[in-house]
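First the structure, in the form of structure tokens, and then the observations on it.
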Amino acid sequence: MNSIGIILLLIVCTIVSVIFIVFWIRGQKYDMMIAVLNKSEYPLKETYVYGFAVMDFLKLKFMDPYSHTMRGYCRILYGEKYADFYYRVNLAQEITFGTLGIILSCFLGILSKDYLVFGVGILGTLGVVYYFVSLITDKIHKRNDSISRDYPEVLSKQALLINAGMILGDAWVKISQNGEGVIYQEMRTTVEEIENGTSEYQAYLEFAQRCGINEVTKFISTLVQNMRKGNKELVEYLKTASKESWNEKKQNVRIKGEEASNKLLIPITIMFVGLMLMIMIPLMSNI
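For the sequence shown, the working numbering assigns the number 111 to the initial residue and increments by one for each residue that follows.
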């Protein structure tokens, strides 16, 4: 790296550092909001005030389709009350670590006098930003997997208990106490809502909204309709739905197994190519 390159990196590093300091100072009014965040889940959370200040300065409205989708995910994860807050925290993470990454990349590039080091730093910064961008979607995928995994078992238990003469509400309470997965936690939340005065119909519909997957939404919609027809028809529906869900679970397990096998082909292929190069290069050099 020549002297001009070093000067350019120094200028960029200085400008971005000044911007960070100015907005970090302006963002101190958000300090109380950041204080409630878990340090292990939100590393360097004290710096997020910078991201909040930048969003405030840019007057972001979050009306685009991407923001709408991500806020919907946050609504599922954190509830309607805190959805907007946690979405803004996620954006503040991305902005903050992106800016710090640029500063660090410039600094390392100046110290090493090497464009490659600077480039690697920028790539690393993009990787970190992508990690925070994907945090919410990863949580949603894990949550959906947990619900889909336990859903057939919940249906089977409901069919068994209601067929034995237990009413739906009592069966719901009993099942909710016998599991620790996401769907069981949401069932316990539904029990609490009913105890606090929410009607059963409304509580079940809100349960479906919180779960956020089509299978549960379809199940609850049909469940609410069958509640008015008595236990006999409800049991028949639960038996049918349980059988279908188990078959679907088996199919999903098979598909995931095939996907895992396909993913294993990538490192195997890379290793094979590397091994062939190790063999061929010495042979070619001797020709």
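Note that the Cβ used here is the ideal one computed from N, Cα and C, for glycine as well. In this text, all values refer to a predicted model and were calculated from it rather than measured experimentally.
Counting of Cβ neighbours within 10 angstroms places Q203 among the buried residues, the total reaching 16 or more. Between N357 and the set S309, D280, Y294 and S258, the nearest pair of CA atoms involves S258. Per DSSP, the unbroken alpha helix (DSSP H) holding T300 starts and ends at V292 to E305.
Ranked by Cα distance from V128, the first of G115, G219, T209 and I285 is T209. Inclusion of T206 and Y160 in the CB contact set at 8 Å is warranted, their separation being smaller than that value. Three or more beta-carbon pairs separated by less than 8 Å link the segment 278-295 to the segment 253-270, which places the two stretches in contact. If you compare the alpha carbons of T157, F329 and G275 with that of L201, the shortest gap goes to T157. Around the Cβ of F130, a 10 Å sphere holds 16 or more other Cβ atoms; the residue is buried. Around the beta carbon of V264, a 10 Å sphere encloses 16 or more other beta carbons of the protein chains shown; the residue is thus reported as buried. Between the C-alpha atoms of K223 and C216 there is a straight-line separation of about 10 Å. When secondary structure is reduced to three states using DSSP, N324 falls in the helix class. For D248, the enclosing alpha helix (DSSP H) has its first and last residue at Y225 to N273. I272 is a Cβ neighbour of L344, given a cutoff of 8 Å.
The count of Cβ pairs closer than 8 Å, one atom from the segment 134-147 and one from the segment 161-171, reaches three, so the stretches are in contact. Taking the Cα positions, K191 is about 16 Å away from F317.
In the structure shown, I186 falls within a helical segment according to DSSP collapsed to helix, strand and coil. Taking every protein chain shown into account, the CB of V132 has fewer than 16 other CB atoms within 10 angstroms, so this residue is exposed. Assigned with DSSP and collapsed to three states, T308 falls in coil, not helix or strand.
In the three-state DSSP reduction, E346 falls in the helix class (H, G or I).
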